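Engineer:
Residue numbers (the working numbering): 39 to 110.
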């Protein structure tokens, strides 16, 4: 007598594999974001608050605009 093999459908297996891959990609993305934030902090400590042009590495200081009240 042959033993019955318990098995999910191919569609269910495909769904589970896809979801597992999304979880793995999400974890990788979280790691990349942590590394990026660490690099941003290091650059801010070195150069202050700046906008960096990713094309050539040049940067401009971020200047806060001071709101002024109009006198009526």
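In this text, a Cβ means the ideal position worked out from N, Cα and C, and glycines have one as well. Being a predicted model, the structure only gives us computed values, none of them experimental.
Excluding sequence positions up to five away, which residues of its chain have a Cβ less than 6 Å from the Cβ of residue 90?
Structural biologist: Taking the first residue of the chain shown as 1, we reach residue 90 at position 52. Counting only Cβ-Cβ distances below 6 Å, and skipping sequence neighbours, we find 97.
Engineer: Fully enclosed by the region 60 to 109, which beta strand (DSSP E) runs are 3 residues long or longer?
Structural biologist: Here the runs fully enclosed are 88 to 90, 97 to 99.
Engineer: Quick one: Cα of residue 66 to Cα of residue 39, how far?
Structural biologist: Taking the chain shown and counting its residues from 1, the one referred to as residue 66 is at position 28. Taking the chain shown and counting its residues from 1, the one referred to as residue 39 is at position 1. Whole-angstrom Cα-Cα distance: 47 Å.
Engineer: Have a look at residue 108 and residue 94 and give me their C-alpha separation to the nearest angstrom.
Structural biologist: In the chain shown, residue 108 corresponds to position 70, counting from 1. In the chain shown, residue 94 corresponds to position 56, counting from 1. The straight-line gap from Cα to Cα measures roughly 40 Å.
Engineer: Would you mind working out which of 52, 73, 100, 106 sits nearest residue 87, comparing C-alpha positions?
Structural biologist: Within the chain shown, residue 87 is the residue found at index 49, counting from 1. Per the Cα distances, 100.
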